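Residue numbers (the working numbering): 198 to 544.
Quick reminder that beta carbons are idealized off the backbone N, C-alpha and C, glycines included.
None of these values were measured; they are calculated from a predicted model.
Here's the structure we're looking at; comments come further down.
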Amino acid sequence: MFRRTIALMSGYTPGEQPPRASKVIKLNTNENPYPPSPKVAEAIRGALESGLQRYPDPHATAFRMQAAELLGVEPDWILCGNGSDDILTIVVRTFVDAGQVIRFAAPSYVLYDTLASLQGAMADVVRYEPDWTLGYRFAQTVDGLRLAILANPNSPSGTMLPPGEVAAIADALPCPLLVDEAYVDFAQTSCVDLVRTNERIMVSRTLSKSYALAGLRFGFIVAQPQVVEQLQKVKDSYNCDALSIAGATAAISDQDWLRANVARVRASRSRLSDELQQMGFGLSESEANFVWATHPTASHEELYLTLKAQGLLVRYMRFPHWGDGLRVSVGTDDQIDALLGLLRELV
C-alpha cells in the first residue's frame with residue numbers, strides 16, 4: 198500500500214511532550230521557559246474578534262513588512278511558514294529531485310535526513326570534527342549535489358561557524374546553501390547579511406525559541422526575491438493561519454521584550470555551563486538556548502532515565518559513529534537549580 202521509501206524509513210521522532218497539566222520540568226526540547234511578549238495575546242484576541250470565517254493572508258504580508266523593516270530588506274525577500282520545519286520542507290521540495298543529493302552536517306538536526314528520505318533524495322552526511330568544526334569536505338563538489346543545509350548555531354552542540362567561514366563555504370559549493378538559524382537570537386553573529394551578496398545563500402528563522410512561540414508554529418526564510426518567487430510555488434496555499442500571523446507579527450515588533458528575554462537566557466546559560474563543568478561535564482561553547490554535556494565516566498542514558506524518573510526531562514541523544522550525550526535546554530533559575538541539585542547526587 199505504501200511507497201517503499203515511507204515503509205523503510207523510521208520517521209522523525211520529536212522530543213517528549215508530557216501533558217500540559219503535568220508537573221514535569223521540561224529541559225528537553227529547547228523551548229523558551231518564559232511567556233511571550235504580552236503583545237502576542239493582545240494581537241491574537243484582536244484577530245479572534247475580527248473573525249475566522251475568511252481565509253488568512255496567504256503571504257502573511259503584515260509579518261513580512263515588520264520583519265523586513267527589522268532586517269533591513271524588502272518584504273519580497275521573506276517567505277513565511279508553519280514553523281521553520283515547514284520552511285525546510287519547502288526548500289527541499291523546491292531544489293531537490295528524487296535521486297539527487299542533499300548535504301548536511303552531523304550530528305545536527307535529524308529532520309534533515311527525514312526530509313531527504315521523503316523526497317527520495319540521497320543524503321551526503323559530513324561529520325563534524327571532534328571540536329565541532331567542519332572539515333573541507335562540506336564545501337566539496339559531488340555529482341548530483343543540489344542543496345546543502347547548515348544549522349548555525351548547530352544542535353545539539355550549540356556551536357556555530359562565523360559568517361566569514363559560511364560565506365567561504367557558500368562560494369565553494371556548486372549548489373544553494375540554507376543556513377538554519379533557529380537559535381541565532383541567542384548568538385553573537387548572524388549570516389542574514391550574506392543573503393544580500395549571494396543569491397545562493399538562504400537563511401531560515403523560527404519564532405519558537407527566542408520569541409517563546411513554539412506552540413504557535415511560525416517561521417520564515419530570508420532569500421533574494423527571485424528565490425522567494427520560486428519557493429512560493431511550493432508552499433501550501435494558506436500555510437500560516439490568521440492567529441499565528443497576528444501573534445508572530447506582534448512578537449517580532451516587540452524587540453525590547455526580545456532583548457530582555459535573550460539577556461536572561463544567556464545569563465542562565467552561563468551559570469548552567471559553569472555549574473556543569475564544575476561537576477566534571479565536558480561542554481561545547483554554546484551560542485543557543487541549550488548546552489551539550491558529556492561526562493567522562495557516568496552513563497548519559499542512565500542519567501537521563503534517573504532524571505526522568507524524578508520528574509525532570511533532558512534530551513538523551515546518541516549519534517551513529519559519534520557517541521552520545523545530554524542536551525539540556527536553558528530553563529528558569531528554579532528549573533536549573535532543580536536539575537543541578539539532582540545531578541550533584543548522581544555524578
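Determine the direct distance from the alpha carbon of residue j to that of residue i, and round the result to whole angstroms.
i      : j      : result
Val431 : Ala490 : 39 Å
Val289 : Gly280 : 15 Å
Arg242 : Leu410 : 16 Å
Asp382 : Gly296 : 35 Å
Val339 : Gly317 : 17 Å
Cys277 : Gly416 : 6 Å
Ala336 : Leu404 : 29 Å
Leu455 : Ala364 : 27 Å
Arg201 : Leu315 : 10 Å
Phe199 : Arg343 : 27 Å
Thr529 : Arg463 : 11 Å
Ser387 : Ile449 : 17 Å
Just curious, the alpha helix (DSSP H) that residue i is in, first and last residue?
i      : result
Gly243 : 235-247
Leu331 : Here Leu331 belongs to no alpha helix (DSSP H), and DSSP marks it neither H nor E.
Trp454 : 452-475
Val425 : 422-429
Met262 : 258-268
Lys220 : No alpha helix (DSSP H) holds Lys220; DSSP gives it neither H nor E.
Arg541 : 530-541
Gln316 : 308-316
Arg201 : 201-205
For residue i, I'd like the list of residues in its chain whose CB is within less than 8 Å of its CB, leaving aside the five on either flank, ordered along the chain.
i      : result
Arg397 : Ala367, Leu370, Cys372, Pro373, Leu374
Ser470 : Leu480, Ser483, Val488
Asp390 : Pro360
Leu245 : Leu440
What residues are listed by DSSP as bridge partners for residue i?
i      : result
Gly514 : It should be noted that the sequence gives Met, not Gly, for residue 514. For Met514, which the question treats as bridged, DSSP gives the partners Gly522.
Met277 : One detail in the question is off: residue 277 reads as Cys in this sequence, not Met. Bridge partners of Cys277: Phe417.
Gly479 : Thr491
Val323 : Ala302
Leu509 : Ile222
Leu342 : Val298
Going by beta carbon distance, what residues of the same chain come within less than 6 Å of residue i, once the five residues before and after it are set aside?
i      : result
Ala313 : Ile299, Ala320
Tyr252 : Tyr435
Gly341 : Gln297, Val298
Leu428 : Leu276, Ile287, Thr291
Gln421 : Glu396
Arg466 : Val527
Gly269 : none
Lys223 : Leu510
Asp451 : Ser234, Lys236
Pro272 : Arg261, Met262, Ala265
Answer with yes or no whether the minimum CB distance from residue i to chain D is below 8 Å.
i      : result
Ser305 : No chain D appears in this structure, which consists of one protein chain only.
For the beta strand (DSSP E) that contains residue i, what are its first and last residues?
i      : result
Val488 : 487-491
Might you give, ordered along the chain, the residues of its own chain that have their beta carbon closer than 7 Å to the beta carbon of residue i, omitting 5 neighbours on each side?
i      : result
Arg334 : Val323
Asn225 : Gly212, Glu213, Leu510, Val511, Arg512, Ser526
Trp274 : Ala265, Val419, Ala420, Gln421, Pro422, Val425
Thr503 : Leu543
With a threshold of 7 Å (Cβ to nearest heavy atom), would residue i be considered close to the ligand SAM?
i      : result
Leu312 : Absent from the structure shown: the ligand SAM. Ligands present: none.
Requested in this report: Please go through the stretch 344-419 and give each complete beta strand (DSSP E) segment of 3 or more residues, from N-terminal end onward.
Outcome: 374-377, 398-403, 416-419
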